[in-house]
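In the order they appear, the protein sequences are chains A and B.
Mapping the first sequence onto UniProt numbering, position 332 (from 1) lands on 332, and the numbers just tick up by one.
Mapping the second sequence onto UniProt numbering, position 133 (from 1) lands on 133, and the numbers just tick up by one.
Glycine included, C-beta positions come from ideal geometry on N, C-alpha and C.
Here's the structure we're looking at; comments come further down.
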Amino acid sequence: MDVLRITTSGSVDDGKSTLIGRLLYDTKSITQDKMEALQAASKRKGLDFTDLSLLTDGLIAEREQGITIDVAHIYFSTPNRKYIIADTPGHFEYTRNMVTGASTAQVSLILIDARKGIVEQTYRHFFIACMLRIPHLVVCINKMDLVEYDQARFNQIVEDFQALLKGSHYEDKEVKFIPISSLYGENVVTRTEKISWYNEQPLLEYLESITFDLNDRQHPARFPVQYVIRPKTDQHHDFRGFAGKIASGSFHVGKEIVSLPNGQRSRIKSIEKFDQQLDAAHAGESVVITLEDEIDISRGNLLVTPDSVPEGKKELQASICWMDQQKLTAGKTYLLQHGANRIKAKVQQLHHVVEVTSNRTEEKQEMGLNDIGRITLKTAQPVFADAYAENPANGTFILVDEFSNATVAVGFVE
Amino acid sequence: MSSSIQWQFPRALEDEAIYILRETAAQFERPAILFSGGKDSITLVRLAQKAFYPGKIPFPLLHVDTGHNFPETIQFRDWLVESLGLNLIVRNVQDSIDQGKAKEETGKYASRNALQTVTLLDAIEELKFDACIGGARRDEEKARAKERIFSVRDEFGQWNAKIQRPELFDMLNGKINIGENVRVFPISNWTELDVWNYIREEELQIPSIYFSHEREIIERDGMYWPYSSFLNTSEDEVPFRSKVRFRTVGDMTCTAAVLSEADKLEDIISEILAAKISERGARIDDKRSEAAMEKRKQAGYF
C-alpha cells in the first residue's frame, strides 16, 4: 500500500474545506461522533449548515476568526492507497505555510470558484507548485452548481489556466481539470448526470489512478549518514553500520561507494533493515549500510556512487522562501542544514525578490516574512548538493538562525 | 469499503518514523520515550528497536504513573521491559500530590489525567531530558493535527501553536535554547488503522484489555466506564458485567470501554473499519470542551 501526499490551498470561500469534508465523508473516513460534534459546533455558531471547515481549523484562534492559520494534516484511506492532505491557508500572509505544505506533496490540488475564475490566490498557488516542481497538478473548478453546470464557463476557465501553463514547468506535462460541486459531492467521489458533458474521471478516481514517478529511484544515488551504529556487544563486537534514509537512487551490495566530503572509497558489504539482509535498497528506505573497509565516516557525510559524484561548492546560488518575522540581512551568518549536515553560511548577496502573483522581480536589500527571492550563499565547508531541478531530494536546505534557533528559510539550489 | 478487506500497512510510514527516531538520537543529548503501555507507545518501542538494531535502543522509557492504571497495562509494561532489556524510569503522580504540587480532583468526574503534566515536567527537569518521544498522532484530535514532528516546548512545557517552526521536506531542526525541550512525534502521520495494521503485520504483543473480555462496568453519559475503586460513583450507578474491550488505554478513570466480542487482531481491525465513533470519542478527558486538547497542550501536556 502506498501513500499519496496532496497539498491544497485556498480560503473557506473556495469551498476547500467542503471538498475535504466531502472526501472524508464519502470515503467513510469521518466518524459519526465527529460529524455530530461538527453539527453541534456549527449550530452554536448560528450557522444553518454543517461547516466542515471546523473539522480542519483545529486551533482556538482559527475557530474564533474563521480562518486557517496553520498547516493541517488530514488523513483518509481507500483500500488502494493512504492519502495525506496538507491543507494550508491561501492568503499571502501564509505563503510560508503553503510552501511547507507543498514540500512533501506529490499532488498539488488547486481549487477555483467557477463564478470567479482565476484570482490572485490561484497565481500564488500555481507559482509555488512550479517552484517546488510538484509532480502532479490537478485543477478543480468548483461550485459548478452555481453556474448551472455550464460547460462554456468550465472551458473558459480551462483556457485561462492553460495560458498560465505556457512557458512554465507544467507546459508539457499532464494537468487535470475537473468540474465539481463539493457541496453536492458531484464529481468528487462519484460522477453526476448534471455534468454529463464531462466524461472523464471524478477527482478521487483520478487520484487513485496516479502512478508514482519513480524519478527518485532514477536519480543519482545519495545516502546522507544520520547516525553511526556501534553496538560494541560480544555478538556484534566489530559491527559499524551507517544508518540513514536513502534520499535518491539505489544502492547495491558489492558496489563501490564514495564518501563525501573526504572522497574515500569502499564497497558495500551489507544493506540491512532490522534483522533482514537486502541485496539493494532504494530512495525513501531507512536502512543500515556496512562497508568492506574501515573508513572515517560520521553523521553529515554523504555516500554516493562513483558514476555520479556531486561537486562540492562553497558558493551556492539558490531561491529561498523567507519564513521568519526577523528580516533576512545580507552579510549575516546562518546555519545551513542540508541532509544531516549543518554548515555555517553567510548571505553574500540578495539578488531580487519575486512578486509571486505577477512573476515580476524587484531588486531589494531585504527580505521579510513570506518573501521569495534569489540569493548567493557562501559556506564554511563545501556543500554536496544537486540542483533542485535535477534531483529535488538532494537540492534543498533550510537556514537556521544561530541565536533564536528558528528555521528562517527554505532554499532550492540552482 | 468492505470491512472484510484486510488493509496493508503502508511501509513508507515506518521508514519515516525510523528516520525521525535516528534524527532524535543524533540531534539531542538526552532523549526519552514517553511510555504509557498503550498501543502507540508499544509501536514506538518497536520502531526504536528497528532504528538502532543491532545496537540497543539508546534512550530510556519514562512512564508517568498516575496510580490509576489498568493492572494489565502495568504487567505488560514490566514484561516488555524485561524481554527487550529496556531501561525503564517511573515517576509517580502520587508523589507530586504528596509534595503539594498537584491536587487531586473531586467529584464523580475526578481523574488524574491532567495531574500527569506536573509529574512529567518535574521528571523532565530532574532527569534533564531534552527530547521526549511520544506516540501522539495527528488523526487523533484537531489540535494534534497542527502539531509539528519536532515540537518545541518552553521551560514550562508549553506549546505555542502560533510560533511553531516550519518543517520542510524531511528536514528537522532540533536546535533549542537552554531550558527548552522538544516533544518528538515519530508516528504523527499514522492513523489508528495504520497502528493496528502495523501491530498485526509485526506480530506485536499488546495488553490484554485491548481484546474482548468480561469486566464490571457502569453506564454514565452514554458511555461504559470500567468500574474500579478509583472511580467515584453515585448510588444509582450499579456496576454490571459485560463483554468489552478498550480502543485506547489511558487511566481507568478516563477511558471508556466499547461492547465488543473482538478477541483477535483481525476482528479488532474489522471493528474499527466499521466503527461509527472515533478513537478519542472514548476518551472522557477530551469531552470536557471543544478545545480540551489544545488547552492541555498549552499547559505542557503530551
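Element boundaries [beta strand (DSSP E), containing residue i]
i, result
"A/K267", "Strictly speaking, residue 267 of chain A in this sequence is Arg, with Lys absent from that position. Run containing A/R267: 264–273, per the beta strand (DSSP E) assignment."
"B/N113", "Note, B/N113: premise wrong, no beta strand (DSSP E); not H, not E."
"A/V400", "396–400"
"A/Y75", "72–77"
"A/G101", "Taken as a continuous stretch (DSSP letters only), A/G101 belongs to no beta strand (DSSP E), being part of the alpha helix (DSSP H) at 95–102."
"B/A257", "Per DSSP, B/A257 belongs to no beta strand (DSSP E) and is neither H nor E."
"A/H136", "136–142"
"B/W225", "223–226"
"B/A131", "131–133"
"A/V383", "372–383"
"A/H237", "Careful: A/H237 lies outside any beta strand (DSSP E) and carries neither H nor E."
"A/D113", "107–113"
"B/E214", "213–220"
Residue range of the unbroken alpha helix (DSSP H) whose run includes residue i
i, result
"A/Q162", "151–165"
"B/D98", "93–98"
"B/E274", "Looking at the sequence shown, residue 274 of chain B is not Glu but Ala. Taken as a continuous stretch (DSSP letters only), the alpha helix (DSSP H) holding B/A274 covers 265–274."
"B/I20", "12–27"
"A/G21", "16–26"
"B/D40", "39–52"
"residue 426 of chain A", "In this structure chain A extends from 1 to 414, so residue 426 of chain A is not present and cannot be described."
"A/I180", "That residue, A/I180, is in no alpha helix (DSSP H); it is neither H nor E in DSSP."
"A/K82", "Element bounds for A/K82: not the alpha helix (DSSP H) but the beta strand (DSSP E), 81–89."
"A/F127", "120–132"
"B/S234", "No alpha helix (DSSP H) holds B/S234; DSSP gives it neither H nor E."
"A/Y227", "Element bounds for A/Y227: not the alpha helix (DSSP H) but the beta strand (DSSP E), 227–229."
"A/S42", "32–44"
"B/V244", "Here B/V244 belongs to no alpha helix (DSSP H); instead the beta strand (DSSP E) covers 240–245."
"A/E171", "Unbroken run through A/E171: none, as it is neither H nor E."
Given residue i as reference, the closest of the options once Cα atoms are compared
i, options, result
"A/G15", "A/T50, A/Q32, A/I30", "A/T50"
"A/Q317", "A/T305, A/A281, A/R374, A/C140", "A/R374"
"A/V383", "A/V354, A/L328, A/K314, A/V400", "A/K314"
"B/I133", "B/T119, B/S151, B/D139", "B/S151"
"A/V400", "A/K344, A/L335, A/E414, A/L377", "A/L335"
"A/F177", "A/V139, A/F397, A/D150", "A/V139"
"A/T78", "A/Y206, A/A129, A/D48", "A/Y206"
"B/T233", "B/P71, B/F35, B/D78, B/Y109", "B/Y109"
"A/A129", "A/A114, A/V107, A/D113, A/H237", "A/V107"
"A/A304", "A/V258, A/V287, A/I289", "With the sequence shown as reference, residue 304 of chain A is identified as Val, and Ala is not the correct amino acid for it. Closest by alpha carbon: A/V258."
"A/N80", "B/I268, B/F156, B/A262, B/Q8", "B/Q8"
"B/R153", "B/F76, B/K175, B/V93, B/E82", "B/K175"
"A/E100", "B/S188, B/D251, B/L168", "In the sequence as displayed, the identity of residue 100 of chain A is Thr instead of Glu. The shortest C-alpha separation from A/T100 is found at B/L168."
"A/F403", "B/R30, B/D65, B/I178, B/I124", "B/I178"
"B/G222", "B/S229, B/F230, B/E237", "B/E237"
"B/M252", "B/N69, B/E203, B/M171", "B/N69"
"A/V410", "A/D26, A/R5, A/T104", "A/T104"
"residue 421 of chain A", "A/F161, A/S358, A/A86, A/V228", "Because residue 421 of chain A is not part of the residues shown, which for chain A are 1 to 414, the question remains open."
"B/Q75", "B/S111, B/S36, B/Y53, B/A51", "B/S36"
"A/L24", "A/I84, A/D70, A/L47", "A/I84"
"A/D160", "A/P135, A/I118, A/D150", "A/I118"
"B/S83", "B/R46, B/P71, B/G250, B/D98", "B/R46"
"B/T66", "B/S188, B/S96, B/R148, B/F156", "B/S96"
"B/L127", "B/L88, B/R11, B/P54, B/N113", "B/L88"
"A/K82", "B/D263, B/V249, B/N197", "B/N197"
"residue 305 of chain B", "B/P31, B/A275, B/P71, B/E147", "Given that chain B is displayed from residue 1 to residue 302, the structure contains no residue 305 of chain B and the question cannot be resolved."
"A/D275", "B/K264, B/E202, B/T248", "B/E202"
Nearest-angstrom beta carbon gap, residue j and residue i [assumed within contact, 8 Å]
i, j, result
"B/T24", "B/A143", "Incorrect: roughly 22 Å between the Cβ atoms, too far for contact."
"A/R133", "A/P310", "Their Cβ separation, rounded to whole angstroms, is 19 Å, which puts A/R133 and A/P310 out of contact at 8 Å."
"B/P186", "B/L80", "Between B/L80 and B/P186 the Cβ distance is about 18 Å, and since that is not below 8 Å, they are no contact."
"B/V244", "B/Y224", "6 Å"
"A/I268", "A/L291", "6 Å"
"A/P220", "A/G249", "5 Å"
"A/I398", "B/N173", "7 Å"
"B/I18", "A/S286", "4 Å"
Inset, instruction - Specify whether the stretch 33–46 of chain B and the stretch 202–209 of chain B touch according to this definition: at least 3 beta carbon pairs, one from each stretch, less than 8 Å apart. - result: Here the stretch 33–46 of chain B makes contact with the stretch 202–209 of chain B; the two share three or more CB pairs at distances below 8 Å.
Legend entry - Inter-stretch contact at 8 Å, needing at least 3 Cβ pairs: the stretch 128–145 of chain A / the stretch 183–203 of chain A: Result yes; three or more Cβ-Cβ pairs closer than 8 Å.
Legend entry - Three or more C-beta pairs below 8 Å linking the stretch 332–346 of chain A and the stretch 294–302 of chain A: Contact between the stretch 332–346 of chain A and the stretch 294–302 of chain A is present: three or more C-beta pairs spanning the two stretches fall below 8 Å.
Legend entry - Three-pair Cβ contact test at 8 Å for the stretch 324–334 of chain A versus the stretch 363–373 of chain A: The stretch 324–334 of chain A makes contact with the stretch 363–373 of chain A, as at least three CB pairs between them are under 8 Å.
Inset, instruction - Count the CB pairs spanning the stretch 155–166 of chain B and the stretch 210–217 of chain B that are closer than 8 Å, and state whether there are at least three. - result: Three or more Cβ pairs closer than 8 Å define a contact, and the stretch 155–166 of chain B falls short of that threshold against the stretch 210–217 of chain B.
Inset, instruction - Output the residue ranges of the beta strand (DSSP E) runs that lie fully inside the stretch 290–359 of chain A and measure 3 residues or longer, sorted by chain position. - result: Correct list: 302–304, 313–322, 333–338, 341–355.
Legend entry - Inter-stretch contact at 8 Å, needing at least 3 Cβ pairs: the stretch 88–104 of chain B / the stretch 34–48 of chain A: Touching, no.
Inset, instruction - Please go through the stretch 163–190 of chain B and give each complete beta strand (DSSP E) segment of 3 or more residues, from N-terminal end onward. - result: Runs of the beta strand (DSSP E) lying entirely within the stretch 163–190 of chain B and spanning at least 3 residues, in chain order: 181–184.
Legend entry - Minimum length 4: unbroken alpha helix (DSSP H) runs contained in the stretch 56–105 of chain B: For the alpha helix (DSSP H) assignment, the uninterrupted runs of no fewer than 4 residues enclosed by the stretch 56–105 of chain B are, from N- to C-terminal side, 71–84, 93–98.
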